[in-house]
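Residue numbers (the working numbering), protein chains in the order written: chain A, -1 to 326; chain B, 118 to 638.
Following this line, the structure appears as structure tokens:
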């Protein structure tokens, strides 16, 4: 099958194969709540020594409105999001407290009444997986690295890394556009830029499944861009992917002006569009790792392995035994 | 291990399904294309009642062989009851008796009928009936002269009118029917007011007039053999004696009815059920076209050769249950379709089984009407949903509000249909409003979160899925096949399980990743 069809020859990972051969095979169902609940994810990330946005507070009931207002007044700038939300739905990004309400990043003011209504919506689980009632996370608003000034329109760009058995296999940079309304979401019109995993330099940009050379809002080139702190990003992903226990996971990272690479969230069912952004199929990258008996414990070793894998080099030298021999 | 288990399971299912199927075809000679025999029907009467802790005696009027249809086989299912049949010819009854009955009881009567060729009109068999009165001639005149009541005057006037406008017996009857059916006519009104009770019914009035005119006639209750259904209404029509034979006719138009399409049960307004010792009586009739005689022959052969197979055949169930299973067995086929569309084709749609549910609704409305209704209601619902979102309502109340509005939309469509004479009939009430509501809600969230393109794509995908599903579940051949050979559903199950392990590409992924495919050359 793999060799017969055009997609098979290109090594494309299809939705069915992703679900059966990777998610069902490597991701234990019982671990899903760890990534589906952003509060748990944050705790695990801290445990693993990964930088996360600071947690300002958690709102669990509508009765905690006063507490919410207190946090807003104290912090001024923050993000409120449903703990079990998905796809970025229901997130409120607040730049400051104004007279009569909260100021959005665009400068528009949301009246207190509407803020309260939105908070109730989030608590009732309107944007949450499964639709059950939820709690709301209030956390630090990350400020994108100034290098993205002319690459991200009205929102925060992030890096999505697919991590398989703790080894990063593919990555892309997601850039918000005016069309995507400041969201780094590909199917809403954001740009996905493939990243050379070995060097951290973007190779091509894709918007709406079509190749793009320039960011439509700035006319800046999206290819040949060097993602800052690339090795740190890879190490963060490798460390976290293994710590959380999920074999096949999407790690979303924001590069903060002050804190550097910071974990945004994890995804137990990462999409397959990343292949279009990289113009490369996932299967040839996943299969060598799938074939390995063991994976090194050291995240640094796994990053080295990831780079070799990207270049198509054999992975055997990186396995535990050989690695130990080499260090002797 | 898991893989081996799967192959074993799938292989077993296919082997059993195919085995039974082939055994039926090869050894028992079941017909592969079970055509229906248009001339043969089964009628089933279901009588349910509640006992009152005392002796029950229930007399049920039975259909009788008429000149158009002959009863060839009949039986009863009434455990615990003594059964006797009385009378013959046109007047037949079954008497069910029991010493004491507590609680609910259900009795079944089932009969097979063959429609007869009516190339010749049935001759006079039996005595010539007499009209109850003969007002047409001198008696009427004398009565009017002696006692000019409004009833008699009205009767006289109607009959005279009809007589003047007609040339022969046939045209007299049709003129009379025309006059009788016009209830705004003052004379008809005085007939209803002054005549015997029941004349507000078209059939009774026509019979009264015909008898008054000297044409023997009577009211008949029975059922019409039109389409298969679980619940046929008991209908009333008239019969009049002309040229030495009873002619069944429509009470309003006096058009003769096709004798092979009617099954008379009671005459002259006699009750369908009488007796004592019961209450909360309910009687319903179901009719079904019989399967081809080849199949019933095979069935009886199967009963000897393989009693187990015959015992588990659905053809042994009561007819109303059989009709339920005819629909129920289509659902696995539709589920298979969904699996194919989702896993192999990759068509976008709302929900998992929503297209099947929509297709089931289309079964009642017909495809085109269904599509139009669906598009209209979902479209209108979306507009309202946007409005409700502006009001900032919470999720559950908002859903409830949309549900209520959808109910009103249905009402509006029904009234609109009535006004413009669209025959929507019952179909609209069977359109699942909850499914529509969920569709509206899902579509609007997708619209908000992923944009109009995604939402419309998914709505279109759902409709395409529903349309394909519609053609599958309305296909007579498929319906017949799974009903006669339910073992084929085991093979469907095997295919579905196999597809559960399908890790190949979806067809739509060829388009999605066409750029990548191009790199492979």
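Ideal Cβ positions, reconstructed from N, Cα and C, are used throughout, including at glycine.
Please read all numbers here as calculations on a predicted model, not as lab measurements.
Residue 64(B), DSSP secondary structure in three states: Nothing about residue 64(B) can be reported from this structure: the residues present for chain B run from 118 to 638 only.
Option in 62(A), 238(A), 26(A) and 212(A) with minimal Cα separation from residue 45(A): Your numbering for residue 45(A) matches position 47 in the first chain. Answer by Cα proximity: 238(A).
DSSP-derived helix/strand/coil call for residue 73(A): Start at 1 with the first residue of the first chain, and residue 73(A) comes out as number 75. Helix at residue 73(A).
Any C-beta of chain B under 7 Å from that of residue 4(A): Here residue 4(A) is taken as the residue at index 6 of the first chain, counted from 1. At least one chain B Cβ lies under 7 Å of residue 4(A).
Partner residues on chain B for residue 10(A), Cβ-Cβ distance less than 8 Å: Counting from 1 along the first chain, the entry for residue 10(A) is found at position 12. Result: 622, 626, 630, 633 and 634.
Sequence-distant residues of its chain with Cβ nearer than 6 Å to residue 162(A) (five each side left out): Position 164 of the first chain holds residue 162(A). 246, 284 and 287, listed in sequence order.
Pick from 70(A), 132(A), 130(A) and 133(A) that is closest to residue 110(A), judged by C-alpha positions: Walking along the first chain from the start, residue 110(A) turns up at place 112. Of the candidates 70(A), 132(A), 130(A) and 133(A), the one whose C-alpha sits nearest the C-alpha of residue 110(A) is 70(A).
Segment limits, beta strand (DSSP E) that includes residue 165(A): Against the first chain, residue 165(A) aligns to sequence position 167. Segment 165 to 173, the beta strand (DSSP E) holding residue 165(A).
Test: residue 87(A) CB closer than 7 Å to a CB of chain C: Absent from the structure: chain C. Protein chains present are A and B.
Residue 563(B), buried or exposed, once every other Cβ within 10 Å from all chains shown has been counted against 16: Here the question's residue 563(B) lines up with position 446 in the second chain. Flag for residue 563(B) reads buried.
One or two residues paired with residue 142(A) in a DSSP bridge: Residue 142(A) sits at position 144 when you count from the first residue of the first chain. Paired residues: 254(A).
Nonlocal neighbours in the same chain, by C-beta distance under 8 Å from residue 334(B), ignoring five residues either side: Translated into positions along the second chain, residue 334(B) becomes position 217. Here the set comprises 248, 323, 324, 327, 328, 355, 356, 357 and 358.
Reference residue 329(A); option with closest CA among 199(A), 219(A), 248(A) and 206(A): The question about residue 329(A) has no answer, for chain A in this structure spans -1 to 326.
Stretch-stretch touch, CB-based, cutoff 8 Å, three pairs: the stretch 153 to 167 of chain A with the stretch 263 to 278 of chain A: yes
Closest Cα partner of residue 224(A) within the set 241(A), 197(A) and 204(A): Your numbering for residue 224(A) matches position 226 in the first chain. The shortest Cα separation from residue 224(A) among 241(A), 197(A) and 204(A) belongs to 197(A).
Whole-angstrom C-beta distance between residue 103(A) and residue 567(B), which should lie under 8 Å: The residue you call residue 567(B) lines up with position 450 of the second chain. The residue you call residue 103(A) lines up with position 105 of the first chain. With 8 Å as the limit, residue 567(B) and residue 103(A) do not qualify as a contact, their Cβ atoms being about 22 Å apart.
Beta carbon of residue 255(A) nearer than 7 Å to that of residue 181(A): Counting from 1 along the first chain, the entry for residue 255(A) is found at position 257. Counting from 1 along the first chain, the entry for residue 181(A) is found at position 183. Cβ distance not < 7 Å, so residue 255(A) and residue 181(A) don't count as in contact.
Residues, ordered as in the chain, of the stretch 12 to 35 of chain A that lie near chain B by beta-carbon distance below 9 Å: 12, 13, 14, 15, 16, 17, 18 and 19
Length of the line joining the Cα atoms of residue 491(B) and residue 503(B): Within the second chain, the letter at position 374 stands for residue 491(B). Within the second chain, the letter at position 386 stands for residue 503(B). Cα to Cα, the separation comes out at about 18 Å.
Under 8 Å from the C-beta of residue 618(B): neighbouring residues of chain A: As a first step, residue 618(B) must be located in the second chain, where it is residue number 501. In chain order: 18.
Pairwise C-alpha distance: residue 526(B) and residue 533(B): If you number the second chain from 1, residue 533(B) lands on position 416. If you number the second chain from 1, residue 526(B) lands on position 409. Cα-Cα distance, rounded: 10 Å.
Run of the beta strand (DSSP E) containing residue 201(A), from where it starts to where it stops: In the first chain, counting from the first residue as 1, residue 201(A) sits at position 203. Note, residue 201(A): beta strand (DSSP E), 199 to 205.
Short CB-CB distance (under 7 Å) between residue 170(A) and chain B: For the purposes of this step, residue 170(A) is taken as the residue at position 172 of the first chain. For residue 170(A), the answer is no, since every Cβ of chain B falls outside 7 Å of its Cβ.
Cα-Cα separation, residue 289(B) to residue 283(B): As a first step, residue 289(B) must be located in the second chain, where it is residue number 172. As a first step, residue 283(B) must be located in the second chain, where it is residue number 166. Between residue 289(B) and residue 283(B), the C-alpha separation is close to 5 Å.
When 607(B), 601(B), 627(B) and 618(B) are compared against residue 146(B), the one with the closest alpha-carbon: Position 29 of the second chain holds residue 146(B). Among 607(B), 601(B), 627(B) and 618(B), the Cα nearest to that of residue 146(B) is on 601(B).
Bridge partner(s) assigned by DSSP for residue 246(A): Within the first chain, residue 246(A) is the residue found at index 248, counting from 1. DSSP, once it has assigned bridges, lists 162(A) as partnering residue 246(A).
Buried versus exposed, by CB contacts within 10 Å (16 or more), residue 558(B): Numbered from 1 along the second chain, position 441 holds the residue referred to as residue 558(B). Classification of residue 558(B): buried, given that the 10 Å Cβ count is 16 or more.
Beta-bridge pairing of residue 313(A) - partner residues as DSSP gives them: Within the first chain, the letter at position 315 stands for residue 313(A). Beta-bridge pairing links residue 313(A) to no other residue.
The stretch 373 to 383 of chain B in contact with the stretch 169 to 189 of chain B per 3-pair CB rule at 8 Å: yes
Cβ pair residue 622(B), residue 184(A) closer than 7 Å: Translated into positions along the second chain, residue 622(B) becomes position 505. Translated into positions along the first chain, residue 184(A) becomes position 186. No, Cβ-Cβ distance for residue 622(B) and residue 184(A) is not below 7 Å.
Residues that residue 512(B) contacts on chain A, provided the C-beta gap is smaller than 9 Å: Residue mapping note: residue 512(B) aligns to position 395 of the second chain, counting from 1. Going along chain A in sequence order, the residues near residue 512(B) (Cβ under 9 Å) are 119, 122, 123, 124 and 129.
Cβ-Cβ distance between residue 487(B) and residue 479(B) below 7 Å: For this step, residue 487(B) is matched to residue 370 along the second chain. For this step, residue 479(B) is matched to residue 362 along the second chain. Yes.
CA-to-CA distance, residue 297(B) to residue 241(B), given in whole angstroms: Residue mapping note: residue 241(B) aligns to position 124 of the second chain, counting from 1. Residue mapping note: residue 297(B) aligns to position 180 of the second chain, counting from 1. At residue 241(B), the pLDDT of 44 sits below 50, so the modelled position is not reliable and the matter cannot be decided from this model.
Beta-carbon separation (whole angstroms), residue 280(A) vs residue 11(A), contact threshold 8 Å: On the first chain, position 282 is the one that residue 280(A) refers to. On the first chain, position 13 is the one that residue 11(A) refers to. About 4 Å; that satisfies the 8 Å criterion.
Proximal residues to residue 627(B) (C-beta, below 6 Å), its chain only, five neighbours per side dropped: Within the second chain, the letter at position 510 stands for residue 627(B). Within the same chain, residue 627(B) has no close Cβ partners at all.
Under the three-state DSSP convention, the category residue 602(B) falls into: In the second chain, counting from the first residue as 1, residue 602(B) sits at position 485. In this structure, residue 602(B) counts as coil in the three-state DSSP scheme.
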